[in-house]
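Each remark here refers to the structure printed beneath this line.
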Amino acid sequence: MAQTATQHYSNPAQHTPQYKQYATGWGFKLGLLAAFMCILIWASWLVSMRAGVTNTLTQFDLGLLRYSPPALVLLPILWRGREQIKAVSPTLLLGIVCGAGVPFFFLSATGLKYAPASHAGLLILGAYPFFVTLLAVVFYQEKVTRARKIGLSLVCTGVLVLLGLSTLTAAEGTWKGDLLLLAASVFWAIYTVSLRIAGLPPLLSTALMGFVSLLVLIALWGSGLVSSGFSETSWSMIALQFVVQSLLVGLLTGFTYGYAIHKLGAENMAAIGAFTPVLASLIAIPVLGETLEVYSIVGLGLVATGVLIASGILKKR
1471 MAQTATQHYS
1481 NPAQHTPQYK
1491 QYATGWGFKL
1501 GLLAAFMCIL
1511 IWASWLVSMR
1521 AGVTNTLTQF
1531 DLGLLRYSPP
1541 ALVLLPILWR
1551 GREQIKAVSP
1561 TLLLGIVCGA
1571 GVPFFFLSAT
1581 GLKYAPASHA
1591 GLLILGAYPF
1601 FVTLLAVVFY
1611 QEKVTRARKI
1621 GLSLVCTGVL
1631 VLLGLSTLTA
1641 AEGTWKGDLL
1651 LLAASVFWAI
1661 YTVSLRIAGL
1671 PPLLSTALMG
1681 FVSLLVLIAL
1691 WGSGLVSSGF
1701 SETSWSMIAL
1711 QFVVQSLLVG
1721 LLTGFTYGYA
1731 IHKLGAENMA
1741 AIGAFTPVLA
1751 SLIAIPVLGE
1761 TLEVYSIVGL
1771 GLVATGVLIA
1781 SGILKKR
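In our numbering, the protein residues as written are 1471 to 1787.
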């Protein structure tokens, strides 16, 4: 298991030279297009979540929109791949369905009730590479390069700047949202680690996570532990959330992310993904009327720079 983890987590260029042979020409351009579509969807997801939970929609409503389409549309793929799933460790399966399923979603949605979208982009998508590396070091003895240490140190500094100064100067309760968003980042890191080691195809893992999450949501609804605000929400808001949560995040991101990784490589995709928190913050300004505090700008700069350095894209080959 330790050897498998190292193969998954170490820089591919250090082990298999063919990983460097990424697409060129139109393939490279299409890979770039897929990568930018992916980070645009991620940023839009954060903004739409913030709009939903500060409106009349509940975490249950947003979760239902998020997980129902992949659960139903990809059900045939889940059935055909059941033997592959049985061959995976139950611990890894639990990491997949919890790391990107209902626990992650509820932490994110609840955190966004208290904290702005700019904080979510930085704390969830910006900080998770740090937790991925931490898990790889603790459980799989990953060797961390000097460049990644420097980059992740900047990521950690940016997160601490945001947490510390928002606690002192931001509106009351923002720090609670920040901590919930940081916890969501830990879950996303667990999902990333579990998914890489499990080796399940992207559509199969998406189908599994969506199906289990939908069952959990139905169980929560049946037990009366959650409530719905659909009846009090405008059709325009429901339509917006359906497009973002169901179509874009639920179905399209799996393809665009996998395609970008295939055409550009993991390092390039990680470098491009570093701008997701920045993009989410910029979208939130006109859409939600949010403002960027000075400490948020500093934190975003540190995290984006840190992820760029940690990805290895700036290193001469």
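For each residue, glycine too, the CB sits at the ideal point set by N, CA and C.
*asked:* DSSP three-state label for G1495, please.
replied: coil
*Should W1496 go down as buried or exposed, given a rule of 16 or more other Cβ atoms within 10 Å for buried?*
exposed
*Does the distance from the C-beta atom of I1742 to that of A1505 stay below 7 Å?*
yes
_Beta carbon of L1652 nearer than 7 Å to that of L1604_ = no
*Given S1518 as reference, the closest of V1602, V1773, R1536, L1650 once Cα atoms are compared*: R1536
*If you count every other CB in all the chains shown that lies within 10 Å of the CB of Q1473, and 16 or more means buried, which is it?*
With a pLDDT of 38 at Q1473, under the threshold of 50, the predicted position of this residue should be treated as unreliable, though the coordinate-derived value follows. Looking at its Cβ environment, which holds fewer than 16 other Cβ atoms inside 10 Å, Q1473 is exposed.
_Excluding the 5 residues flanking G1569 on each side, which residues of the same chain have their C-beta closer than 7 Å to its C-beta?_
F1657, W1658, I1660, Y1661, S1664
*In the structure shown, what three-state DSSP assignment does N1525 receive?*
coil
*Quick one: give me the first and last residue of the alpha helix (DSSP H) that V1696 is part of.*
No alpha helix (DSSP H) contains V1696, which DSSP labels as neither H nor E.
*When you compare only the Cα positions, how much space is there between V1768 and T1637?*
15 Å
*Between L1544 and T1676, which are expected to be in contact by the criterion C-beta below 8 Å, what is the C-beta distance as a whole number of angstroms?*
6 Å
*Endpoints, alpha helix (DSSP H) assigned at A1668*: 1644-1668
*Leaving out the 5 sequence neighbours to the left and right, which residues in its chain are closer than 8 Å to S1588 when beta-carbon positions are compared?*
P1747, A1750, S1751, A1754, E1760, L1762, S1766, L1770
*Return the residue from the list I1566, Q1715, R1520 that minimises the CA-CA distance to G1669.*
I1566
_Integer Cβ distance of A1617 from I1779, believed to fall under 8 Å_ = 6 Å
*Could you spell out the range, first to last residue, of the alpha helix (DSSP H) harbouring I1594?*
Unbroken run through I1594: none, as it is neither H nor E.
_Which same chain residues end up closer than 6 Å to L1635 when comparing Cβ atoms and leaving out the 5 residues on each side of it in sequence?_
Y1765
*asked:* How far does the alpha helix (DSSP H) with F1574 in it extend, from its first residue to its last?
replied: 1572-1584
_Just to confirm my understanding: we take L1562, look at its own chain, exclude 5 residues before and 5 after, and list those with CB closer than 7 Å. What are they?_
S1664, I1667, A1668
*If we ignore side chains and look at the alpha-carbon of each, how far apart do I1555 and A1654 end up?*
25 Å
*Neighbourhood of I1620 by C-beta distance below 7 Å, restricted to the same chain and skipping five residues each side*: I1779
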